[in-house]
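Trainee: Below is one structure. I have some questions about it.
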Amino acid sequence: MLLESRFATGYWFPGHGCAKNPIAARFTNTPWPEAVQRQLDDFANNRRDRILGVPDPDRWLDSMTYYELLDLLGYRAEVKQYVDPLIGAGNFGVCGDAISAFTAKRLTLPGTIPSPEESRFAKAEVVSFPGGNAAILRKMVKRILPDAIAGDESIASVASGRVNFAALERPGTDLRLRLNATVVRV
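Count along the sequence shown starting at 1, add 953, and that's the number in the numbering used here.
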């Protein structure tokens, strides 16, 4: 089971609004088609297993990418799109076709551990800032462009302060964070 299921979460869908705690709702509160909701529910709850009975599961997992394992488990592209931010932002900065299934096992991602086995994160406490590591980047931006994020220098203020988007691209500053840009010039 994904650690996300233990905490209040929300997914924003344009035209639909916020889907609160989609794992707990079995994804039925999302605008995704019913077949995708079922697959995501299976994925989030680690219901598909190919590990049991494999003689050397770690070696077998290390012979393929995580995407290839998800394909073997019969998951659609939407499941890959769902897991990619977990892999990219949380650990490696890449997607599931750039890590082995064994690496995914080290993260206890679904499909890599026997279904009845408890995740090593089952008793974990929250060990990140609210909103993840975005607070670190926001703190850096606040230091460089003080008026870009409202509030004082405290981490709580920086993590929740309103962003002044105009200050990010203000001409004449030493640093400009370009919005909606497809290229970078240094």
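Every residue gets a Cβ at the ideal spot worked out from N, C-alpha and C, and that includes glycine.
Relative to the alpha-carbon of I1158, which residue among F1118, R1096, N1117 and A1054 has its alpha-carbon at the smallest distance?
Mentor: For the chain, the structure presents residues 954 to 1139; residue 1158 sits outside this window and is missing.
Trainee: For A972, report the span of its beta strand (DSSP E) as first-last.
Mentor: G970 to K973
Trainee: Can you name, in chain order, every residue of its own chain whose Cβ lies under 7 Å from the Cβ of P984, other than the five neighbours on each side?
Mentor: F966 and H969
Trainee: Is the segment 1086-1096 in contact with the segment 1021-1032, if contact means three or more CB pairs nearer than 8 Å?
Mentor: no
Trainee: Where does Y964 fall in DSSP's three states?
Mentor: strand
Trainee: Run through the DSSP bridge pairs and tell me what I1102 is partnered with.
Mentor: Per DSSP, V1116.
Trainee: Looking only at C-alpha atoms, which of N1117, D995 and L1132 sits nearest to I976?
Mentor: D995
Trainee: Would you kindly report the start and end of the unbroken alpha helix (DSSP H) that includes T983?
Mentor: Unbroken run through T983: none, as it is neither H nor E.
Trainee: Looking only at its own chain, which residues have a Cβ that is under 8 Å from the Cβ of A961, when we skip the five neighbours before and after it?
Mentor: K973 and N974
Trainee: My understanding is that V1032 touches L1062, with C-beta atoms under 8 Å, so please give their C-beta distance in whole angstroms.
Mentor: With 8 Å as the limit, V1032 and L1062 do not qualify as a contact, their Cβ atoms being about 11 Å apart.
Trainee: Relative to the C-alpha of A1119, which residue among N982, L993 and A1103 is closest?
Mentor: A1103
Trainee: Across which residues does DSSP place T1018 in a beta bridge pair?
Mentor: S1053
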